[in-house]
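Here is the structure we will look at, set down as structure tokens.
Number of protein chains: 2
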Amino acid sequence: MMLTIGKLAGAARVKVPTIRYYEQIGLLPQPERSAGNQRLYDRAMLDRLAFIRHARDLGFPIEAIRDLLSLSDGPDQPCAAADSIAKIQLADVEARIARLVALKAELERMLAQCAGGCIADCRVIEVLGDHSLCTGEHRLQDAAPVM
Amino acid sequence: MMLTIGKLAGAARVKVPTIRYYEQIGLLPQPERSAGNQRLYDRAMLDRLAFIRHARDLGFPIEAIRDLLSLSDGPDQPCAAADSIAKIQLADVEARIARLVALKAELERMLAQCAGGCIADCRVIEVLGDHSLCTGEHRLQDAAPVM
DNA sequence: CTTGAAGCTATAGTTGCTAGAGACATTAGC
DNA sequence: GCTAATGTCTCTAGCAACTATAGCTTCAAG
Numbered sequence: 426m427m428l429t430i431g432k433l434a435g436a437a438r439v440k441v442p443t444i445r446y447y448e449q450i451g452l453l454p455q456p457e458r459s460a461g462n463q464r465l466y467d468r469a470m471l472d473r474l475a476f477i478r479h480a481r482d483l484g485f486p487i488e489a490i491r492d493l494l495s496l497s498d499g500p501d502q503p504c505a506a507a508d509s510i511a512k513i514q515l516a517d518v519e520a521r522i523a524r525l526v527a528l529k530a531e532l533e534r535m536l537a538q539c540a541g542g543c544i545a546d547c548r549v550i551e552v553l554g555d556h557s558l559c560t561g562e563h564r565l566q567d568a569a570p571v572m
Numbered sequence: 426m427m428l429t430i431g432k433l434a435g436a437a438r439v440k441v442p443t444i445r446y447y448e449q450i451g452l453l454p455q456p457e458r459s460a461g462n463q464r465l466y467d468r469a470m471l472d473r474l475a476f477i478r479h480a481r482d483l484g485f486p487i488e489a490i491r492d493l494l495s496l497s498d499g500p501d502q503p504c505a506a507a508d509s510i511a512k513i514q515l516a517d518v519e520a521r522i523a524r525l526v527a528l529k530a531e532l533e534r535m536l537a538q539c540a541g542g543c544i545a546d547c548r549v550i551e552v553l554g555d556h557s558l559c560t561g562e563h564r565l566q567d568a569a570p571v572m
């Protein structure tokens with residue numbers, strides 16, 4: 426039994442244009458078409474899309490997912506490759522968490538100092554203007570992206 | 426004493442094209458120009474750019490920074506506005522942290538189950554394919570962005 | 001006075017989608 | 001069977017927040 430794109434989108438909790446986008450970048454293969462040129466998907470396609478969605482949820486970039494998919498398409502290679510992709514992701518996630526925790530501390534400090542005065546003595550503005558007021562311990566590094 | 430764009434970039438630890446970009450989107454005012462049409466910045470501009478950079482480091486979106494800047498340009502209003510911008514930012518950061526912690530747990534679980542086998546029994550692929558294997562407690566919600 | 005670095009404008013690319021226009025297909029109600 | 005309301009099609013453009021390129025001009029050092 427075949428699904429139209431809207432049903433597939435609903436089943437995988439992905440938006441319709443996102444599916445077409447994944448097809449466009451080659452993450453999903455081109456599906457069958459109905460007589461009226463509409464895309465028709467089968468169960469395998471739903472699985473593949475669920476895989477992609479889940480990996481995206483986990484923060485994997487598209488290119489990593491492409492690698493994972495090519496691994497799972499030919500499942501007789503060693504696991505090491507999939508493993509190392511996941512390890513890289515884990516390290517990245519840990520780094521993001523560390524950075525966000527430092528950031529949270531600084532925001533809380535700002536808010537505590539502000540506590541309802543007027544802008545003339547509002548620390549939010551002041552603290553943002555002077556990086557040297559940051560606690561050295563949680564110093565945010567150069568151009569490392571927050572995400 | 427005036428700074429050329431390169432010196433300003435160095436002093437604020439922001440890249441040169443980024444400064445021109447900020448000018449283009451109206452976050453920085455158009456600076457004076459030299460006889461040869463090169464941008465010249467003063468100390469006030471450096472302060473403003475430092476403010477922007479720091480706020481970006483803290484994860485404030487550009488529009489929030491625009492609001493904060495307009496507040497600090499007229500510092501006799503109540504602090505509540507700046508305060509609430511920071512509070513929204515804090516809530517956002519906390520949400521990101523929660524999501525990333527759930528994500529980290531799942532990646533660790535995946536890696537523990539994989540532990541050097543072959544893809545035939547590699548859980549990385551399998552877990553990614555089936556969202557229902559996620560621990561219910563940390564279930565990742567719908568379309569909430571990871572970042 | 002020359003050469004190489006730094007500056008200028010303008011445009012296009014990045015990532016991962018999302019939104020719109022205008023035309024065709026399908027389905028539900030009557 | 002017919003009509004109206006969705007759903008789907010392609011194509012293009014837009015979002016954040018920059019980054020990179022091309023081809024030119026200006027400036028500072030030797």
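So the sequences go chain by chain: A and B.
The first sequence begins at 426 in this note's numbering and counts up by one.
The second sequence begins at 426 in this note's numbering and counts up by one.
For glycine and all other residues, C-beta sits at the position ideal for the given N, C-alpha and C.
Given the structure is predicted, the values throughout are model-derived calculations rather than measurements.
By DSSP's criteria, A:L428 is part of a beta bridge. Which residues make up the other side? In the first sequence, counting from the first residue as 1, residue 428 of chain A sits at position 3. Beta-bridge pairing links A:L428 to A:Y466.
Whole angstroms are fine: how far does the CA of B:L483 sit from the CA of B:L474? On the second sequence, residue 474 of chain B is found 49 positions in, with the first residue counted as 1. On the second sequence, residue 483 of chain B is found 58 positions in, with the first residue counted as 1. Each residue's Cα considered, the two are about 14 Å apart.
If A:V441 sits next to A:I430, beta carbons under 8 Å apart, how far is it from one beta carbon to the other, in whole angstroms? Indexing the first sequence from 1 puts residue 441 of chain A at position 16. Indexing the first sequence from 1 puts residue 430 of chain A at position 5. Sure, about 5 Å apart at Cβ, within 8 Å.
For B:R478, does the three-state DSSP call read helix, strand or coil? Working through the second sequence from its first residue, we reach residue 478 of chain B at position 53. The answer is helix: DSSP assigns B:R478 an H, G or I state.
In the DSSP assignment, what residue or residues form a beta bridge with B:R458? The count along the second sequence starts at 1 and reaches residue 458 of chain B at position 33. According to DSSP, B:R458 shares a beta bridge with B:R464.
By Cβ distance below 7 Å, which residues in the same chain neighbour B:P456 in space, the five residues on each side in sequence not counted? On the second sequence, residue 456 of chain B is found 31 positions in, with the first residue counted as 1. R464, L465, Y466 and M470, listed in sequence order.
In this structure, does DSSP put B:P442 in helix, strand or coil? Within the second sequence, residue 442 of chain B is the residue found at index 17, counting from 1. Reduced to three states, the DSSP call for B:P442 is helix.
Less than 8 Å between C-beta atoms, sequence neighbours within five positions excluded: which residues of the same chain meet that for A:A545? Working through the first sequence from its first residue, we reach residue 545 of chain A at position 120. Note that A:A545 scores a pLDDT of 48, beneath 50, so its modelled location is shaky and nothing firm can be said.
Helix, strand or coil: which one does DSSP assign to B:I522? Position 97 of the second sequence, counted from the first residue, corresponds to residue 522 of chain B. B:I522 falls in the helix class under three-state DSSP.
Using the Cα positions of B:K505 and A:A511, report the straight-line distance between them to the nearest angstrom. The residue you call residue 505 of chain B lines up with position 80 of the second sequence. The residue you call residue 511 of chain A lines up with position 86 of the first sequence. According to the sequence shown, residue 505 of chain B is Ala rather than Lys. Their Cα atoms are separated by approximately 43 Å.
Among the residues of its own chain, which have a CB less than 7 Å from the CB of A:Y447, if the five just before and after it don't count? Indexing the first sequence from 1 puts residue 447 of chain A at position 22. Correct list, in chain order: L453 and I477.
Closer than 8 Å at the beta carbon, the chain A residues around B:E533: Translated into positions along the second sequence, residue 533 of chain B becomes position 108. By Cβ distance, chain A contributes L515.
Using the rule of at least 16 other Cβ atoms within 10 Å of the residue's Cβ for burial, across every protein chain shown, is A:I450 buried or exposed? Here the question's residue 450 of chain A lines up with position 25 in the first sequence. The residue is exposed, with fewer than 16 neighbouring Cβ atoms inside 10 Å.
Does the distance from the CB of A:L528 to the CB of B:V526 come in under 9 Å? Walking along the first sequence from the start, residue 528 of chain A turns up at place 103. Walking along the second sequence from the start, residue 526 of chain B turns up at place 101. For A:L528 and B:V526, no; Cβs fall outside 9 Å.
Which chain B residues are close to A:E488, counting only those with a beta carbon under 8 Å from its beta carbon? Along the first sequence, read from residue 1 onward, the residue named residue 488 of chain A stands at position 63. Neighbours of A:E488 on chain B: none; closest Cβ ~15 Å, over 8 Å.
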